[in-house]
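Enquirer: I have a structure I would like to understand better, so I am pasting it below and will then ask my questions one at a time.
What follows is the structure, encoded as structure tokens:
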């Protein structure tokens, strides 16, 4: 119940923040009406960017791992989005107020390598860990043994420095910041270009509202993803068998999603593209162009998995009631 109240308070607060920023935008728009259209575009950029597949994969994997450790990771998505948005806010400020345009491209290239490498390494580690966990859980479920949420073994101990990097939800801020260093998504670059092109429409200080709207929208959607994952996990806890089935299924899906996203990002890295077959490069380019759709697809897959589990639980309960002898 307390977790439910926390979720409601979080989402209410974020909705209030978005409303407050829009109220500020409306006030500024009275004297600078040219700011309203860019503000709306920046806000929708944030909504769309939150659905990027790397966001969904990272948030869902970490949320589930912290839940398995009996944590209450209600702020995982919020901290991740704040870390990611910090890069956008700082870059927007620098572009508007500092003479940085000459080295912006260099920063983009170096940041792309650093941010991309960290994202790929983290997602591959999570994919391997979840793959091993799914195998162990499936064997335990088949044998009728309790399903272990955390796998053990030599390989798991070797991966510990990476997998234990996130032991508290606030540490997702740093992961989000590192993910954002790539600075190569169309939404982030578009936001900076938007800020520059709108310079004549409003004072420079008012243009900082654009990355703030971007941040608020992304925080809202990433937090919603976290809340949905927690709700599905909490619901499955009401039955041992239901929890076991759901755990195995979602662990396997998390491993597959993390691996697929890591491979797609790897195929886009400088120096790697020339070794990728043409058909694979085409697929990777198409996937990158539709990253938000892939992320939304992952959300629907997780929700669909929860729905199938719920339907099976309802069917099993109905069959059990029908089989019960009548007095």
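Numbering (this note's numbering), first residue to last: 282 to 608. Cβ atoms here follow ideal geometry from the backbone N, Cα and C, with glycine treated the same way. Predicted, not measured: the structure shown is a model, and the values here were computed from it.
#1: Rounding to the nearest angstrom, what Cα-Cα distance links residue 298 and residue 525 in this structure?
#2: I need the boundaries of the alpha helix (DSSP H) containing residue 324, first residue and last residue.
#3: Beta carbon of residue 300, beta carbon of residue 542: below 8 Å?
#4: To which residues of the same chain is residue 454 closer than 6 Å at the C-beta, ignoring the five residues directly before and after it?
#5: Using alpha carbons as the reference points, say which of 499, 536 and 410 lies closest to residue 324.
#6: What residue does the alpha helix (DSSP H) around residue 609 start on, and which one ends it?
#7: Roughly how many angstroms separate the alpha carbons of residue 467 and residue 316, rounded to a whole number?
#8: Would you mind sorting residue 647 into buried or exposed? The rule is 16 or more other CB atoms within 10 Å of its CB.
#9: Taking C-alpha atoms, which residue in 306, 295, 286 and 291 lies nearest to residue 491?
#10: Tell whether a beta-carbon distance below 8 Å holds between residue 335 and residue 460.
#11: Determine the closest residue to residue 333 out of 354, 585, 545 and 355, with distance taken between C-alpha atoms.
#12: Under the three-state reduction of DSSP, which class applies to residue 300: helix, strand or coil?
#13: Could you tell me the boundaries of the alpha helix (DSSP H) in which residue 366 lies?
#14: Using three-state DSSP, classify residue 408 as helix, strand or coil.
#15: With distances taken between CB atoms, is the gap from residue 354 to residue 344 smaller than 8 Å?
#16: Indicate the three-state DSSP secondary structure (helix, strand or coil) for residue 346 in the structure shown.
#17: Tell me whether residue 506 sits in a helix, a strand or coil according to DSSP, three-state version.
#18: At the level of alpha carbons, what is the spacing between residue 512 and residue 417?
#19: From the DSSP output, in three-state form, read off residue 338 for me.
#20: Compare the beta carbon distance of residue 536 and residue 411 with 8 Å and say whether it is the shorter of the two.
#21: For residue 485, which option in 378, 314 and 330 has the closest C-alpha, if you only look at C-alpha atoms?
#22: Please say whether residue 448 and residue 358 have beta carbons closer to each other than 8 Å?
Expert: Checking against the coordinates, here is how it stands:
#1: 38 Å
#2: 317-330
#3: no
#4: Within the same chain, residue 454 has close Cβ partners 360, 363 and 364.
#5: The shortest C-alpha separation from residue 324 is found at 499.
#6: Within the shown structure, residues of the chain are numbered from 282 to 608, placing residue 609 beyond reach of any answer.
#7: Confidence at residue 467 is low in this model, with a pLDDT of 46, below 50, so its placement is unreliable and the value that follows should be read with caution. So the two alpha carbons sit approximately 21 Å from each other.
#8: Since the displayed the chain opens at 282 and closes at 608, residue 647 lies outside it and no answer follows.
#9: 306
#10: In this structure, residue 460 lies closer than 8 Å to residue 335 by Cβ.
#11: Of the candidates 354, 585, 545 and 355, the one whose C-alpha sits nearest the C-alpha of residue 333 is 545.
#12: helix
#13: 357-378
#14: helix
#15: yes
#16: helix
#17: In the structure shown, residue 506 sits in a helix (DSSP, three-state: H, G or I).
#18: When rounded, the distance between both Cα atoms is 24 Å.
#19: helix
#20: yes
#21: Minimum Cα distance to residue 485 is reached at 378.
#22: no
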